[in-house]
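Same order as they appear, the protein sequences are chains A and B.
Numbered per our numbering, the first sequence spans residues 1 to 10.
Numbered per our numbering, the second sequence spans residues 11 to 222.
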Amino acid sequence: PGKLNHKDEL
Amino acid sequence: MNIFRLFGDLSHLAAIIILLLKIWKSRSCAGISGKSQILFAIVFTTRYLDLLTSFISLYNTSMKMIYIGCSYATVYLIYAKFRATYDGNHDSFRVEFLIVPVGGLAVLINHDFSLLEILWTFSIYLESVAILPQLFMISKTGEAETITTHYLFCQGLYRALYLINWIWRFYFEGFFDMIAIVAGVVQTILYCDFFYLYVTKVLKGKKLSLPA
Numbered sequence: 001p002g003k004l005n006h007k008d009e010l
Numbered sequence: 011m012n013i014f015r016l017f018g019d020l021s022h023l024a025a026i027i028i029l030l031l032k033i034w035k036s037r038s039c040a041g042i043s044g045k046s047q048i049l050f051a052i053v054f055t056t057r058y059l060d061l062l063t064s065f066i067s068l069y070n071t072s073m074k075m076i077y078i079g080c081s082y083a084t085v086y087l088i089y090a091k092f093r094a095t096y097d098g099n100h101d102s103f104r105v106e107f108l109i110v111p112v113g114g115l116a117v118l119i120n121h122d123f124s125l126l127e128i129l130w131t132f133s134i135y136l137e138s139v140a141i142l143p144q145l146f147m148i149s150k151t152g153e154a155e156t157i158t159t160h161y162l163f164c165q166g167l168y169r170a171l172y173l174i175n176w177i178w179r180f181y182f183e184g185f186f187d188m189i190a191i192v193a194g195v196v197q198t199i200l201y202c203d204f205f206y207l208y209v210t211k212v213l214k215g216k217k218l219s220l221p222a
């Protein structure tokens, strides 16, 4: 699992 | 999207609407920390600049617009329209002690040293402590109106639900964002004391009053 940001989150 | 994130967003939306309606209908912002509301307006402004650069979904864009609109409207009501009812004496938390360290941390610890990313990181760190002036004000006044406690409960519940959302996303999607998770844990921990009082007092119909 990467440390992708949750830019789809509010 | 999962059920925890959806209910987290709805809880957050409820908190924002409850507060705005409370001030508007009672025509008073007594017991409300204007400083916390300014911090929340900063949180949304620095976090949602991507409204200008990327489109994710209608839900995402509309919720961001609502959050920004309501937070600025709330700040306007507190500091302009109902300024006479603003309790400045008890809203005395030194927010510079929050903004400066959070700003420094955002520059030091982030995922990418770009302006948008640092502003997003600043917003995440700031949100985790933005409620402190409000909690501090309640500790100084020793009490809170029941509607204010419902606002705080929804506000605290939203990030707690996000924590479950992140567990869900890690397990099912393999995604995790350590910065958002650590800040979310800190944010939720800050509400624990309030959650205890809310469950043991407000839900039993009593007024929330702290031992002065």
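Each residue gets a CB set at the ideal place from its N, CA and C atoms; glycine is no exception.
Does the beta carbon of residue i come closer than 8 Å to any beta carbon on chain A?
i: B/Asn70; result: yes
i: B/Met73; result: yes
i: B/Ile174; result: no
i: B/Asp97; result: no
i: B/Ile28; result: no
i: B/Arg169; result: no
i: B/Asp203; result: no
i: B/Ile78; result: no
i: B/Ile13; result: no
i: B/Ile66; result: yes
i: B/Asp19; result: yes
i: B/Asp101; result: no
Out of the options, point me to the one whose CA is closest to residue i's CA.
i: A/Asp8; options: B/Tyr96, B/Gly41, B/Lys74 and B/Ala40; result: B/Lys74
i: B/Thr159; options: B/Asn12, B/Leu16, B/Ile13 and B/Ile26; result: B/Ile26
i: B/Tyr201; options: B/Gln165, B/Ile191 and B/Leu220; result: B/Gln165
i: B/Asp97; options: B/Leu29, B/Lys32, B/Gln197 and B/Met147; result: B/Met147
i: B/Ile48; options: B/Ile189, B/Tyr181, B/Ile88 and B/Asp187; result: B/Ile88
i: B/Leu115; options: B/Arg104, B/Phe92, B/Ser102 and B/Leu129; result: B/Leu129
i: B/Ile174; options: B/Gly152, B/Leu162, B/Tyr161 and B/Thr198; result: B/Thr198
i: B/Lys91; options: B/Ser64, B/Leu145 and B/Lys35; result: B/Lys35
i: B/Ile189; options: B/Val117, B/Ile78, B/Thr151 and B/Ser102; result: B/Val117
i: B/Arg37; options: B/Phe132, B/Thr95 and B/Ser149; result: B/Thr95
i: B/Ile157; options: B/Asp101, B/Lys216, B/Phe185 and B/Thr63; result: B/Lys216
i: A/Leu10; options: B/Gly79, B/Ser64 and B/Asn70; result: B/Asn70
i: B/Val196; options: B/His121, B/Leu162, B/Ser102 and B/Glu137; result: B/Glu137
i: B/Arg15; options: B/Ile177, B/Ser219, B/Pro221 and B/Lys150; result: B/Ile177
i: B/Asp187; options: B/Ser219, B/His100, B/Ala83 and B/His121; result: B/His121
i: B/Leu8; options: B/Phe107, B/Ser124, B/Ile66 and B/Ser21; result: Coverage of chain B is limited to positions 11 through 222, which leaves residue 8 of chain B absent and any answer about it impossible.
Since residue i is in the alpha helix (DSSP H), which residue starts that stretch and which ends it?
i: B/Thr63; result: Where B/Thr63 is concerned, there is no enclosing alpha helix (DSSP H), given that its DSSP letter is neither H nor E.
i: B/Cys39; result: That residue, B/Cys39, is in no alpha helix (DSSP H); it is neither H nor E in DSSP.
i: B/Ala116; result: Glu106 to Leu118
i: B/Leu167; result: Thr156 to Glu183
i: B/Leu213; result: Segment: none, B/Leu213 is in no alpha helix (DSSP H) and carries neither H nor E.
i: B/Ile134; result: Leu125 to Val139
i: B/Met75; result: Leu68 to Tyr86
i: B/Ser149; result: Leu142 to Thr151
Would you mind giving the Cβ-Cβ distance between residue i and residue j, rounded to the nearest angstrom? I have them listed as a contact below 8 Å.
i: B/Ala140; j: B/Val209; result: Rounded, the Cβ-Cβ distance is 23 Å, inconsistent with contact.
i: B/Leu31; j: B/Ile76; result: Not really, about 14 Å apart at Cβ, beyond 8 Å.
i: B/Ile42; j: B/Ile28; result: Not really, about 11 Å apart at Cβ, beyond 8 Å.
i: B/Pro143; j: B/Ser46; result: 4 Å
i: B/Ile134; j: B/Ala193; result: 5 Å
i: B/Phe204; j: B/Leu145; result: 7 Å
i: B/Ala51; j: B/Val105; result: With a Cβ gap of about 12 Å, B/Ala51 and B/Val105 do not count as contacting.
i: B/Gly152; j: B/Ser219; result: 6 Å
Looking at residue i and the ligand ATP, is the gap between the Cβ and the nearest heavy atom below 7 Å?
i: B/Thr156; result: In the structure shown, the ligand ATP is absent, as is every other ligand, since no ligand is present at all.
Inter-stretch contact (C-beta, 8 Å, three-pair minimum) for the stretch 55 to 74 of chain B and the stretch 165 to 185 of chain B:
no
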